[in-house]
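Below: one structure, written as structure tokens.
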């Protein structure tokens, strides 16, 4: 039951984001994580270098996994970039399990922001 609800919510989120930000072309998990990083940085119009894009993914992952107790927000640096502290070791997960965890975290993130139901 829980898996079906997650699947339904994930597909709804993916479709809504894809329609709004990718002209209907389906956004994958990494693209949505990247988007969360941009959102959390608060600079949606900025152009980012390759290393900054990696940092945006890191910001997103920390933000998404913070409610699970893996990261804790620490501070925002002088350039406006948030920093996190790793508070507990991430469990060893298989690739499919990592994907499910990230989808669950993304759905939760967007539910809290009332972007999806």
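In our numbering, the protein residues as written are 1 to 117.
Beta carbons are placed, not taken as given, at the ideal position from N, Cα and C, and that holds for glycine.
Supposed contact pair residue j and residue i - C-beta distance, whole angstroms, cut 8 Å
i           : j          : result
residue 40  : residue 82 : 6 Å
residue 116 : residue 13 : 5 Å
residue 53  : residue 34 : 7 Å
residue 77  : residue 84 : Contact doesn't hold; Cβ gap of about 12 Å is too wide.
Cβ-Cβ distance between residue i and residue j below 8 Å
i           : j           : result
residue 179 : residue 71  : Summary: the structure shown does not reach residue 179, with the chain confined to residues 1 through 117, and so no result is reported for it.
residue 57  : residue 42  : no
residue 101 : residue 111 : no
residue 11  : residue 18  : no
The beta strand (DSSP E) enclosing residue i, as first and last residue numbers
i          : result
residue 76 : 71 to 76
residue 84 : 82 to 86
Start-to-end residues for the alpha helix (DSSP H) that takes in residue i
i          : result
residue 19 : 2 to 21
residue 26 : Unbroken run through residue 26: none, as it is neither H nor E.
residue 98 : 95 to 112
residue 50 : 50 to 65
Check whether the segment 59 to 66 touches the segment 98 to 114, taking contact to mean three or more Cβ pairs, one atom from each stretch, closer than 8 Å. With the cut-off at 8 Å, the segment 59 to 66 and the segment 98 to 114 touch.
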